[in-house]
Amino acid sequence: MHVIRADQVFDGDGFLGRTDVVLDGPNVVAVQEPTEYASEVVVEDLGAVTVLPGLVDAHQHLTWDAADPLAWHAEHDDSALLEQGRTNARRALSAGITTIRDLGSRGRVALQLRDETARSPLAGPTLLVAGPALTTPGGHCWFLGGACTDADELVKAVARLDEAGVDVIKVMATGGNITPGSAPHESQFRLPELKAVVDAAHAAGLPVAAHAHGTGGVSDATAAGVDTIEHCSFFTEDGIAEDPALIQRLAESGVAVSLTAGTLPGTTPLPAVAARMPALLAHIRALREAGVRCILGTDAGIGPGKPHDVLPLAVVQGVELVGIPVTEALAMCTSRAAEAIGLGRRAGRLRAGGTADVLVVTGLVDEDPAALVRPARVLRGGVRVA
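In structure tokens:
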């Protein structure tokens, strides 16, 4: 056994004072007050650090290069995408992100990457992958190969993805910001099509993540019974909609809303996003205040300001820009996120019987959230990451 003793532990739900995290290979044995151990037990007293569960990013694109997604996919074959994915996965892991849900990749590339990281803890985080996102012809992220014209084609696409072995179905309920000709406030699929996707996916035992910016897409995705709504930004053509009734429906439904956060300092946001930023921050506050079940995802890979290790900054920015209490912000990318993506029994918490996915950062996070960007040690499945 191996004991990490620290001045502070965040167990996924709250902060603990001076605490021992007891590990045995890939498992957590105990999280307890410091005590005496048998002579053969190695005890490391790391002092003024915070020990946390490995972070969970509910929304990334690991095989993208965080520059120009459309050009990247046009200019590179699948072997290049896979190699980029390997690099991005290692980068994310080194920041303490031990679980990632990849919500859009071409062909079988992310499936291969998932299998590689499953075999080797040092290759990258535990991955859940969607493969090509389902979209309309010429719609948002059409270049991934998931275009469908109607409900019948959507159901057939779900069956193909299930046969390929994906972990989750991603559907584009609305357009997005990065695909020319696609408008984020406009719906791509409406309720009948989204319900067909949900019914087919759930029958196969697969959850559904719906990309939805505009209120029409958010409303239809909620009514269709999707498992997570990505972004949920309430975009209109020129602003952010105020729709308390829809926010209340989201809260009552219990659907998990994956808020998109985390950007490198100094990054210039897209003009459409920059113009809406004050209203968007107010909207996020309204979601939280209404009791909507919120988690964090970065959408890493969609632009230069979103590299694949940016999740710790999402926590810092959530605290500083939105006013989220640091305990809640951490839960949104540990315990809450793990539960929302179906991994609540194995990820997102430090507890007896759990997986030894561990992040150690220099400093006390409850006093200084920026300590999250100072990783001192990362373990995935009990294996120390260089």
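Each residue of the sequence shown is one higher than the last, beginning at 910 in my numbering. Idealized CB from N, CA, C, for every residue including glycine. Computed from a predicted structure; not experimentally measured.
Is residue i helix, strand or coil by DSSP?
i: N936; result: strand
i: V1224; result: helix
i: A1105; result: helix
i: R914; result: strand
i: K1065; result: helix
i: R1194; result: helix
i: E945; result: coil
i: D1129; result: helix
i: V1164; result: coil
i: E984; result: helix
i: I1138; result: strand
i: I1250; result: coil
i: I1156; result: helix
i: R927; result: coil
i: G1114; result: coil
i: M1241; result: coil
i: P1046; result: coil
i: R1283; result: coil
i: V1294; result: coil
i: G994; result: helix
i: R999; result: helix
i: A1261; result: coil
i: R1015; result: coil
i: A1256; result: coil
Among the residues of its own chain, which have a CB less than 8 Å from the CB of residue i, if the five just before and after it don't count?
i: A1280; result: T959, V1270, T1271, G1272, L1273 and V1274
i: P1101; result: A1060
i: A1188; result: G1148 and I1149
Check whether the Cβ of residue i sits closer than 7 Å to any heavy atom of the ligand MN, and report yes or no.
i: P1180; result: Looking at this structure, you won't find the ligand MN or any other ligand, since it has none at all.
Less than 7 Å between C-beta atoms, sequence neighbours within five positions excluded: which residues of the same chain meet that for residue i?
i: G1084; result: G1048, H1049, S1091, A1092, P1093, E1095 and Q1097
i: H911; result: L932 and V951
i: A1195; result: I1156
i: R1158; result: T1131
i: R1245; result: I1204
Would you list the one or two residues that DSSP bridges to residue i?
i: R1028; result: Its beta-bridge partners do not exist; DSSP assigns none.
i: R1010; result: L1037
i: D966; result: I1009
i: A1376; result: Beyond the ends of the chain as shown, which are 910 and 1295, falls residue 1376; an answer cannot be given.
i: E953; result: I913
i: G1055; result: The partner list for G1055 (beta bridge, DSSP) is empty, contrary to what the question assumes.
i: S1091; result: According to DSSP, which records beta bridges pairwise, S1091 is partnered with nothing at all.
i: T1217; result: For clarity, residue 1217 is His in the given sequence; the question names Thr instead. Beta-bridge pairing links H1217 to no other residue.
i: S1096; result: T1083
i: I1149; result: F1144
i: A1121; result: H1140
i: V1269; result: V960 and R1286
i: H1205; result: In the sequence under discussion, the amino acid at residue 1205 is Leu, which differs from the His named in the question. Answer is L1168.
i: I1078; result: V1117
Return the Cβ separation of residue i and residue j in integer angstroms, given the expectation that the two are a contact with Cβ distance under 8 Å.
i: G994; j: T972; result: 4 Å
i: G921; j: P962; result: 5 Å
i: E942; j: T928; result: 7 Å
i: G1040; j: A1073; result: 6 Å
i: A1261; j: V940; result: 7 Å
i: R1283; j: I1233; result: Not confirmed; about 20 Å, so no contact.
i: A1160; j: V1201; result: 5 Å
Within the same chain, show all residues whose beta-carbon is closer than 6 Å to that of residue i, passing over the 5 residues directly before and after it, in chain order.
i: H953; result: The amino acid occupying residue 953 in the given sequence is Glu; His does not appear at that position. Answer for E953: I913, listed in chain order.
i: S1167; result: A967, H968, T1137, E1139, I1204 and G1206
i: L964; result: G1005, I1006, L1220 and C1242
i: R1289; result: T1007, P1030 and D1266
i: A1105; result: A1060, L1063 and V1064
i: V1228; result: V1235, A1238 and P1278
i: P1046; result: A1056
i: H1192; result: F1143 and I1149
i: D974; result: W981 and Q993
i: G1016; result: D987
i: V1292; result: P1030
i: L1012; result: H968, A1039, K1079 and A1118
i: N997; result: L971 and H1217
Inset, instruction - Check whether the stretch 1242–1256 touches the stretch 985–996, counting contact only when three or more Cβ pairs, one atom from each stretch, lie closer than 8 Å. - result: no
Inset, instruction - Evaluate contact between the stretch 1068–1085 and the stretch 1112–1127, counting only Cβ atoms and requiring at least three cross-stretch pairs below 8 Å. - result: yes
Inset, instruction - Would you be able to state if there are at least three C-beta pairs under 8 Å between the stretch 1208–1215 and the stretch 1159–1175? - result: yes
Inset, instruction - Report yes or no: do three or more beta-carbon pairs, one from the stretch 1067–1075 and one from the stretch 1101–1115, lie closer than 8 Å? - result: Segments in contact, yes.
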